[in-house]
Amino acid sequence: MHPPTPGSQEEGLNDVQEMIKTEKSYPERRLRGVLEELSCGCHRFFSLADKDQGHSSRTRLDRERLKSCMRELESMGQQAKTLRAQVKRHTVRDKLRLCQNFLQKLRFLADEPQHSIPDVFIWMMSNNKRVAYARVPSKDLLFSIVEEELGKDCAKVKTLFLKLPGKRGFGSAGWTVQAKLELYLWLGLSKQRKDFLCGLPCGFEEVKAAQGLGLHSFPPISLVYTKKQAFQLRAHMYQARSLFAADSSGLSDPFARVFFINQSQCTEVLNETLCPTWDQMLVFDNLELYGEAHELRNDPPIIVIEIYDQDSMGKADFMGRTFAKPLVKMADEAYCPPRFPPQLEYYQIYRGNATAGDLLAAFELLQIGPAGKADLPPINGPVDVDRGPIMPVPVGIRPVLSKYRVEVLFWGLRDLKRVNLAQVDRPRVDIECAGKGVQSSLIHNYKKNPNFNTLVKWFEVDLPENELLHPPLNIRVVDCRAFGRYTLVGSHAVSSLRRFIYRPPDRLAPNWNTTVRLLRGCRVLCNGGPSSHPAGEVVVNMEPEVPVRKLETMVKLEATSDAVVKVDVADEEKEKKKKKKKKGSSEEPEEEEPDESMLDWWSKYFASIDTMKEQLRQQEDSGIDLEEKEEMDNTEGLKGLMKGKEKAKAAKEEKKKRTQNPGPGQGSEAPEKKKPKIDELKVYPKELESEFDNFEDWLHTFNLLRGKTGDDEDGSSEEERIVGRFKGSLCVYKVPLPEDVSREASYDPTYGMFQGIPSNEPINVLVRVYVVRATDLHPADINGKADPYIAIRLGKTDIRDKENYISKQLNPVFGKSFDIEASFPMESMLTVAVYDWDLVGTDDLIGETKIDLENRFYSKHRATCGIAQTYSIHGYNIWRDPMKPSQILTRLCKEGKVDGPHFGPPGRVKVSNRVFTGPSEIEDENGQRKPTEEHVALSALRHWEDIPRVGCRLVPEHVETRPLLNPDKPGIEQGRLELWVDMFPMDMPAPGTPLDISPRKPKKYELRVIVWNTDEVVLEDDDFFTGEKSSDIFVRGWLKGQQEDKQDTDVHYHSLTGEGNFNWRYLFPFDYLAAEEKIVISKKESMFSWDETEYKIPARLTLQIWDADHFSADDFLGAIELDLNRFPRGAKTAKQCTMEMATGEVDVPLVSIFKQKRVKGWWPLLARNENDEFELTGKVEAELHLLTAEEAEKNPVGLARNEPDPLEKPNRPDTAFVWFLNPLKSIKYLICTRYKWLIIKIVLALLGLLMLALFLYSLPGYMVKKLLGA
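Counting from 1, position 806 in the sequence shown corresponds to residue 792 in my numbering; the numbering is continuous, with no gaps.
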């Protein structure tokens, strides 16, 4: 009983992959279909297995396995169902990966853990010697009348490839096929034997044995075929790509061998290439295939294609194999579209289990009708004269070729490793594509200068019009040794030229007005705008106070546009600002503007981190909305293509609006939560490279891989095979050169398409690395912690900041900057590492990150020094770059040949056809206002991407987060490091002093807590004599993290009402980091620790109420924990103090002791009862007073009730005593207070009884006297 077959699932997933690869439309629909099929299959298995469960012949293992399969498949069916709903166009790739996991799980479940039936072996014998064999799993051949349980190869004609037995079959020797067999196999119970020929193809009959022997339904000795067809196979072998490098030169001499039934043919050998274009048609004539015609049409035999490397000595080396099925044309079908002529397809080539390239080919199997070959489509095209009797691929099938020019920018080579133990000294780069190529100039001394002196070269080549069929481009680096020898250093195959193809800008692009119309909230003033703006200008209004998330909606504009767009901040925002200004002094203290002198770089950093988190949250929200929108688009998309296009555009605009200008709901809350007056920087949660496309805007980096890939190295990762990097670029375009480039005024033909690139001469640069902090470091010590410090390497400079290691921290804050002088290109790879300090032995590397500074330095995104959000000349936000914004803007305009910048009138600057506005004055340290152009220049820089033609995003002032990796643990992140790098060329003005980002020092404070009284404390003790309830109350307090320094009041004995009087003072000195709202504690972890460890913990005060016991442990009664930054304000009286104040059920105003400084009130104390619910167990009246260490020194007080400034003794009632210490007092209390009325009543009753007794006693005597008349 097997789970649903992985086969159909695999087929479906391969389809989806192929659709994504060839960019066919709607791969998501096919994936949904696959998931639908999977969930139905799981459901079917479930119902089948349910019937099957009670089987008596099952062992316990079978039963348990069936249960486990049912469980797994039920959950898989559910997951497939939910996954199907989540498949969207942009999530197809991720969901495809999840489906691959399902496939693996299915394969695992389908494997029987115990082999019940042995496998079938097929041996090929020669001279009684076993030569080759094939092994077929019996479960694939098992017959069952239930379709789901039928083995996948049961009752089918199967092609088997025999391989060598024993050890000879392992490794590359065993990859060549020894023989190919076609077999019909069936395995079943003897009672089902009548079905054994059920799958035999039509056209075959069994030879019946003699009837009388009773052998009538045993397998036939032989089969006879009654029908045969004649065919011709045409194999159109066009090209192979990314083949295995079989020779030590890193290339191969490949040829292909095609096998079909019992014939084989070879293509010609092409020398020295990994991407051979054979362009050859192989014709197999007079093929006889047996069986019914329609069956052959639907299921033709397999074609095997093997690729070999021709060696001048010895036999050819096997390089890989692939299988294909031909497209069949029967004699009665016409040779016409849509099926014919066949399209070229890519077939994946396998070498063992690894992939080894692709084959681009097409195969057609044509039936030879009664009229013979005359009916077949003619074989057009000449027999190639140069190559002998070789037929090229016919015109309808071969791709249409055009002449392309490939321009190559040779920049330089980096990090070349040794080859055959010798260092690379005179390297050269060879570029080859489709048989044509070009060589770079020779680098004469690699150590001295690894850059090329001739930058641009080109070659022309014929490439297919269809970009998917472009051959790869090979980059090979050779080292020119003595005596004219060449040694291959490494090679790189650029598999797709698509990203390097130059497409001239589309002149017929739709006018952008339609786009703008969709942007609500923007006023569009078309052509006849106000006369103050000439036509063709776009005014961008900048409001510097707006927080970063709420910048105005920017509009993408065409270079040719001729309208004025006034982009403005929403009106409600302005209103809000006015109101805020009006409020001014009357605002609550929480909302007041931060004091400029209090702010430092860390304030800016933490504000930015909050912004980043908020943005990520908003992105998630808007992503969900967009998915729903897209789903609707998909369903309506079929109604009209045009409508769909417009909708997609609208959705994009909507998203743009949503991310840049939050709706009134979100927008209005944001300023209340954050202090918008702090300038922010951009915190990237990933590397800067991933945000700016690896800074490969014009300079690309190609990894060079080691030449011959030995098969023993299949396990080695690509990292280990990298032998260096080639820096350069490619540009592919159709000849002739596009006019818009060649017509430009400053066009230099030697640079071709690479106009305006900088010189690659060596340059000296000051590199300034700021390391902020590390997070989630991998523990390096036995105690699960690490003692990290920073090490920086750049060229020959190696800085190790070993003295300043941070003890026992996995999230250390470094706050350091390092200055290094380097010269590009020799020293361009910066390594920032985090090491673990060890007292004994060498320090261990925790992880490191590498940054290619050269790509950043030369990038158009200007990654040398980030552009700040605002320009200021003093304070925490001081401008870091030695060049002012106006100078940077002038330089960018000059380099990009842009008209501008034209400053004036004040507060305006015009660049190209864009006008930027902003403040026109700046305040210096003394508060003097001066006119300046820097603000508007900065406004233009921050929107540089909107400048036509040359615009691109400039790197903002930022902090990037880089993963730390360890070469010994490849692929596993060892933590993350937050840093940024500034670079300043040495021939420019020197930059100022580095920013001070050293970690904030905690401030010393003293918290004074006076416990005045308690009330309504639960009574815990029973009186020994009287059985009365009472409590001996005391209060205990401490700051979180300092439990060992807890302080107790004295005991209020024998409280009978739950009231206690203390007048007791605690003193808690502590170090506090205001920015992080944490208390900093430094202490040794144990007596053996070398140094103190720093801990950061929240500032929380705990107050507890206890019942003191003399002989047993004290009883805990209740507690409250107050977060000193936000705790409920105390109630004025004990009556108003309720339990809800602490549980947060009622809305109590929250206060911060750091703002209020002094707070007094009543707070509830809680404890959990038997049902684990909170109950009120007492109330405490306390006063909290916070002072800085300096204030505390000037105004000292005593602990408890001691001098100086002693508290008066509490006025406790006389009941607070212990009976055995003062028995008389105890009796007095008992008599006077508690039992006074009771005693009076008893005395009166006793008097009454006494009198009655006396009366009764004296009554007889009186009676006698009376009677006798005495």
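Yeah, the Cβ is synthetic: ideal placement off N, Cα and C, and Gly gets one too.
Please read all numbers here as calculations on a predicted model, not as lab measurements.
Item                                                                                                                       : Value
CA nearest to the CA of SER793, picked from LEU763, ILE785, THR259                                                         : LEU763
Sub-8 Å separation of ILE1106 and LEU1059 beta-carbons                                                                     : no
Beta carbon of PHE712 nearer than 8 Å to that of LEU685                                                                    : no
Three-state secondary structure assigned by DSSP to MET5                                                                   : helix
Outcome for PHE1226 when other beta-carbon atoms lying within 10 angstroms are tallied against a minimum of 16             : The amino acid occupying residue 1226 in the given sequence is Ile; Phe does not appear at that position. Looking at its Cβ environment, which holds fewer than 16 other Cβ atoms inside 10 Å, ILE1226 is exposed.
Between the CA atoms of PRO765 and PRO312 - distance to the nearest angstrom                                               : 58 Å
Buried or exposed (CB count within 10 angstroms, at least 16 for buried), PRO956                                           : exposed
Straight-line Cα distance separating ILE461 from LYS422                                                                    : 12 Å
With 16 other Cβ atoms within 10 Å as the buried cut-off, status of TRP264                                                 : buried
Residue from ASN87, ARG44, LEU52 with nearest C-alpha to MET62                                                             : ASN87
Reduced DSSP secondary structure (H/G/I, E/B, other) of ALA159                                                             : helix
Span of the alpha helix (DSSP H) around PHE843                                                                             : 839 to 844
Cβ-Cβ separation, LEU927 to PRO871 (assumed contact under 8 Å), whole Å                                                    : 6 Å
Length at least 4, wholly inside the region 960 to 1011: the alpha helix (DSSP H) runs in chain order                      : none
Residue from ALA226, PHE217, GLU191 with nearest C-alpha to VAL210                                                         : GLU191
Among GLY714, THR979, GLU840, LYS1165, the one whose alpha carbon lies nearest that of ASN439                              : GLY714
Span of the beta strand (DSSP E), counted from its first residue to its last, around ILE207                                : Neither: ILE207 is in no beta strand (DSSP E) and is coded neither H nor E.
Separation of VAL132 from ARG485, as counted between CA atoms                                                              : 52 Å
Buried or exposed (CB count within 10 angstroms, at least 16 for buried), LEU1242                                          : exposed
Pairwise C-alpha distance: VAL1021 and GLU1030                                                                             : 16 Å
Collapsed DSSP secondary structure at LEU(-1) in the structure displayed                                                   : helix
Cβ neighbour criterion (16 or more within 10 Å) applied to ASN437                                                          : buried
Buried or exposed (CB count within 10 angstroms, at least 16 for buried), GLU14                                            : buried
Segment limits, alpha helix (DSSP H) that includes THR68                                                                   : 46 to 72
CA-to-CA distance, GLN225 to ASN452, given in whole angstroms                                                              : 14 Å
One or two residues paired with LEU1172 in a DSSP bridge                                                                   : LEU993
Per DSSP, the bridge partner or partners of SER1016                                                                        : ASP1007
6 Å CB neighbourhood of ILE806 in its chain, flanking five on each side removed                                            : VAL753, LEU780, THR783
Test item: CB-CB of ARG1025 and ILE996 under 8 Å                                                                           : Correcting the residue type first, residue 1025 is Leu in the shown sequence and not Arg. In this structure, ILE996 does not lie closer than 8 Å to LEU1025 by Cβ.
Which of helix, strand or coil DSSP assigns to PHE1241                                                                     : helix
Reduced DSSP category for GLY358 - H, G, I as helix; E, B as strand; rest coil                                             : strand
Burial state of GLU881 (16 or more Cβ within 10 Å)                                                                         : exposed
Option in LYS987, GLU418, PRO905, PRO744 with minimal Cα separation from ASP586                                            : LYS987
Among ARG220, MET111, PRO1055, the one whose alpha carbon lies nearest that of LYS990                                      : PRO1055
Cut-off 8 Å between Cβ atoms - residues of its own chain near ASN406, not counting five sequence neighbours on either side : THR473
Same chain, Cβ closer than 6 Å to GLU558, neighbours up to 5 away in sequence not counted                                  : Annotation note: pLDDT 37 at GLU558 (below 50); position unreliable, coordinate value reported separately. Excluding sequence neighbours, GLU558 sits near nothing in its chain.
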